[in-house]
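Have a look at the structure below, then the notes.
Residue numbers (the working numbering): 447 to 1175.
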């Protein structure tokens, strides 16, 4: 700059004696220090200040075309760098070298005034410098001994719609530059687990296409009322206006911080699969066997660096530091720079994928997430990728594919993983889940048979195998697998669905120990109570088995149904002729014996137009009651039950609805319904209202058929926003 240049030129013209350092550490000319002659120290300082300030003013004028109080700018910057003003004037303006060219000039002034972004090279340099200096007061992260395949996953709990795996935590694991002998890696059971929690944040419901959006719960809606056969389901809670993106996971890390790690070690565990899939075991260390605690203590962090990458570890850590601090845009640019410099580095490519993944979360962008999925694939296919990096990368890719609802793509990725790592039972367990997610129970069954042949005590494989057997109606055979799997306490077994189906299987076998398992499921937080065992719930709603019309607030609807019950009955009987085939058998495996048919008018808040054309008066009566026709978690339908029918004790899937039964044709004796421990009977022309999320059971022992009209309505305490955003069932 002009002041410096001029000052240097003036110095060339004078013969300057050697400088000495005074007691304050400031260099002064020897002659001045000795005699006080020539230019005094005060004059030199004054001229220095004038020239320096003139240079600063001229630089800013070029940028700003106006007068700026640059003294304040310098003072503020000096304060940031812990410099006093005299130090700035004594040649320390290099502290403001914002563009990395070694001096303070117009370009630096642009950066200081916010008119220009700092170059990526400077950001990387600063991140490296910061990561190279360990904070003196930094507290090492706590050991995460309980992090395992069960953390943060959530195959939500009933057997309903296809739900992708919940996100995996992508927290940074500082790579270890030590050799394999020094730091061996031991695999953990990183299974994609399943869980149905009682309360979980629900996302706004969207269309089928929109259901694949990044910030939505993926999966197709269930068309059946009660979940009995299919693997997937969602646990719901009060939806929030803003969608939360769940954390992601990577391979396990060693709990002891390593000296080479420049970035704080953070644990990344492998799914919970979005959906939202691996339940965290609610156990204290005391509750776990000592051998399992020892096993956890042995876990080692994965090797993600190849031999060459250990030489550029500082650069990788610097870019990773940006990502860990949440500066995902800068991290993406930093990793892109590294990929350009080292195109054959799998670790740089993997870091770029993680940064893109984080940016996708921030932007809620499917396109960016798809880009990350592609980058994960590129990283896994580069030569010299370590086995641990291949495993971590492909697992992340499969999880993100599932999150977007691309189940078959995720299945292909997991099949590739199993081919590469055939001895890894956790990967096979994940593959079994992937088959279940696309409804291929037979393939999943074969996978779990292979796992159990190799690892007969694998609890995750046992509960899933037992679940599949029960879906095949092999009730007795399913019980030991479900029970042993739950008792194992293995990651991924503490799932409401497995408690639900074990209890149901025991009930069907006449075993009263079913309620012991329901109680245990309640204690684990999966059920609201032993009686109320629904799994798609909103927390805090009033819970009681039987309701009066006044309790519901839907008095007008009840009066309309009861006034017009004969019209409704006549239309129902007109479509009951077996030759029309309009009533279809109940297919939810709820009957012990007998015949039970249904004729649906509304399902998941959608009108069945063809059906309504057959019963136009009934549908016309209901059109003005959105609490019923708009109930996305219920149905409106006729139900006919023939003599000799018994319906097993069961619960509905959600506490978000109440169920109205209007009696149309009711035999005088032999027909009854039990909800919890209260048994009642229908009356023609009268409405019974109950909460079917509580256990209920039905008997039809009369001499003729029983015909009722079922109308589901929203729970009256749900807000309008919740009714709009809850996903269909």
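From the three backbone atoms N, C-alpha and C, an ideal C-beta is built for every residue, glycine too.
Backbone CA spacing between residue 1076 and residue 1052 [nearest angstrom] = Taking the first residue of the chain shown as 1, we reach residue 1076 at position 630. Taking the first residue of the chain shown as 1, we reach residue 1052 at position 606. Roughly 7 Å between the two C-alpha positions.
Residue 1152: first and last residue of the uninterrupted beta strand (DSSP E) it sits in | Within the chain shown, the letter at position 706 stands for residue 1152. 1152 to 1160 is the span of the beta strand (DSSP E), which, as asked, contains residue 1152.
Per DSSP, residue 1102 is paired with what?
-> Looking up residue 1102 in the chain shown gives position 656. For residue 1102, which the question treats as bridged, DSSP gives no partner whatsoever.
So, do the region 1127 to 1137 and the region 1004 to 1013 have three or more beta carbon pairs nearer to each other than 8 Å?
-> yes
Can you tell me whether DSSP reads residue 1019 as helix, strand or coil?
-> Translated into the one-based positions of the chain shown, residue 1019 becomes position 573. Helix at residue 1019.
Mark residue 441 as exposed unless 16 or more other C-beta atoms lie within 10 angstroms of its C-beta, in which case mark it buried.
-> Beyond the ends of the chain as shown, which are 447 and 1175, falls residue 441; an answer cannot be given.
Could you pull out every residue in the same chain whose Cβ sits closer than 8 Å to the Cβ of residue 1029, ignoring the five residues on either side in sequence?
-> Taking the first residue of the chain shown as position 1, residue 1029 is located at position 583. Within the same chain, residue 1029 has close Cβ partners 1021, 1022, 1043, 1044, 1045, 1084, 1086.
Residue 928 and residue 909 look like a contact to me (Cβ under 8 Å); what is the Cβ gap, rounded to whole Å?
-> As a working mapping, residue 928 is identified with position 482 in the chain shown. As a working mapping, residue 909 is identified with position 463 in the chain shown. Correct: roughly 6 Å between the Cβ atoms.
Specify the secondary structure class of residue 1061 as computed by DSSP and reduced to three states.
-> Residue 1061 sits at position 615 when you count from the first residue of the chain shown. The answer is coil: DSSP assigns residue 1061 none of H, G, I, E or B.
When the Cα atoms are used, what is the spatial distance from residue 709 to residue 762?
-> Here residue 709 refers to the residue found at position 263 of the chain shown. Here residue 762 refers to the residue found at position 316 of the chain shown. Low confidence applies to residue 709: its pLDDT is 40, below 50, so where it sits in the model is not reliable enough to give any reading.
Of the listed residues 809, 810, 768, 811, nearest to residue 798 (C-alpha basis) = Here the question's residue 798 lines up with position 352 in the chain shown. Residue 768 is the option with its Cα nearest to residue 798.
For residue 1150, which residues of its own chain have a beta-carbon under 7 Å away from its beta-carbon, when the five flanking residues on both sides are left out?
-> Residue numbering aside, residue 1150 sits at position 704 when the chain shown is read from its first letter. Hits under 7 Å: 1089, 1113.
Closest by C-alpha distance to residue 872, when choosing among 897, 865, 848 | By 1-based counting over the chain shown, the position of residue 872 is 426. Residue 872 has its Cα closest to that of 897, out of 897, 865, 848.
In three-state DSSP terms, what is residue 982?
-> For this step, residue 982 is matched to residue 536 along the chain shown. Correct three-state label for residue 982: strand.
At what residues does the alpha helix (DSSP H) containing residue 1093 begin and finish?
-> If you number the chain shown from 1, residue 1093 lands on position 647. Residue 1093 -> not in any alpha helix (DSSP H); beta strand (DSSP E) instead, spanning 1091 to 1096.
Simplified DSSP state of residue 834, which is helix, strand or coil | What you label residue 834 is simply residue 388 of the chain shown in a count that begins at 1. Helix at residue 834.
Closest Cα partner of residue 1105 within the set 1121, 1066, 1158, 1074 | For the purposes of this step, residue 1105 is taken as residue 659 along the chain shown, with counting starting at 1. When only C-alpha atoms are compared, the closest one is 1158.
Residue 1195: buried (16+ other C-beta within 10 angstroms of its C-beta) or exposed?
-> No information on residue 1195 is available, as it lies outside the stretch 447 to 1175 that the chain covers here.
Run through DSSP, which three-state label would residue 1031 get?
-> By one-based count along the chain shown, residue 1031 stands at place 585. Strand at residue 1031.
Which residues in the same chain have their Cβ closer than 8 Å to the Cβ of residue 955, if we skip the five residues on either side of it in sequence?
-> In the chain shown, the residue the question calls residue 955 occupies position 509. Excluding sequence neighbours, residue 955 sits near 921, 922, 925.
Where residue 908 falls: helix, strand or coil (DSSP) = As a position in the chain shown, residue 908 is number 462, starting the count at 1. The answer is helix: DSSP assigns residue 908 an H, G or I state.
Is residue 772 buried or exposed, if buried means 16 or more other CB atoms sit within 10 Å of its CB?
-> Position 326 of the chain shown, counted from the first residue, corresponds to residue 772. Classification of residue 772: exposed, given that the 10 Å Cβ count is below 16.
Using beta-carbon positions only, say whether residue 979 and residue 944 come within less than 8 Å of one another.
-> Here residue 979 refers to the residue found at position 533 when the chain shown is read from its first residue. Here residue 944 refers to the residue found at position 498 when the chain shown is read from its first residue. Contact: no.
Which residues in the same chain as residue 1116 place their Cβ atom closer than 6 Å to its Cβ, once the five residues preceding and following it in sequence are excluded?
-> Stepping through the chain shown from its first residue, residue 1116 is reached at position 670. 1147, 1148.
Could you work out which residue in 837, 951, 818 is closest to residue 826 when comparing CA atoms only?
-> In the chain shown, the residue the question calls residue 826 occupies position 380. Comparing Cα-Cα distances from residue 826 to each of 837, 951, 818, the minimum goes to 837.
Using the Cα positions of residue 1040 and residue 1031, report the straight-line distance between them to the nearest angstrom.
-> The count along the chain shown starts at 1 and reaches residue 1040 at position 594. The count along the chain shown starts at 1 and reaches residue 1031 at position 585. Their Cα atoms are separated by approximately 10 Å.
Could you tell me which residues DSSP puts in a beta bridge with residue 1087?
-> For this step, residue 1087 is matched to residue 641 along the chain shown. 1042, 1152, per the DSSP bridge assignment.
Same chain only: Cβ atoms within 7 Å of residue 782, ignoring 5 sequence neighbours per side = Your numbering for residue 782 matches position 336 in the chain shown. Once the five neighbours on either side are set aside, the close Cβ partners of residue 782 are 798.
Strand pairing of residue 1119, partner residues [DSSP] | Taking the chain shown and counting its residues from 1, the one referred to as residue 1119 is at position 673. DSSP output for residue 1119 lists 1126, 1144 as bridge partner(s).
Would you call the CB atoms of residue 778 and residue 807 closer than 8 Å?
-> The residue you call residue 778 lines up with position 332 of the chain shown. The residue you call residue 807 lines up with position 361 of the chain shown. No, they are not a contact pair.
Thinking C-alpha only, which one of 1095, 1037, 677 is nearest residue 1123?
-> Locating residue 1123 in the chain shown gives position 677, counting from the first residue. The shortest C-alpha separation from residue 1123 is found at 1095.
Inter-residue CB distance, residue 1153 and residue 1110 (contact presumed, cutoff 8 Å) | Counting from one through the chain shown, the residue named residue 1153 turns up at place 707. Counting from one through the chain shown, the residue named residue 1110 turns up at place 664. Indeed they touch by this definition, with Cβ atoms about 4 Å apart.
Quick one: using the 10 Å Cβ neighbour count with 16 as the cut-off for buried, is residue 754 buried or exposed?
-> Mapped onto the chain shown, residue 754 falls at position 308. Result: exposed.
Nearest to residue 914 by CA position, among 932, 894, 901, is which residue?
-> If you number the chain shown from 1, residue 914 lands on position 468. Checked all of 932, 894, 901; the closest Cα to residue 914 is 894.
In whole angstroms, what separates the C-alpha of residue 879 from that of residue 1050?
-> For the purposes of this step, residue 879 is taken as residue 433 along the chain shown, with counting starting at 1. For the purposes of this step, residue 1050 is taken as residue 604 along the chain shown, with counting starting at 1. Straight-line Cα distance between these residues: approximately 26 Å.
Inter-residue Cα distance where the pair is residue 1168 and residue 1034 = Reading the chain shown from its first residue, position 722 is the one you call residue 1168. Reading the chain shown from its first residue, position 588 is the one you call residue 1034. Their backbone Cα atoms lie some 27 Å apart in a straight line.
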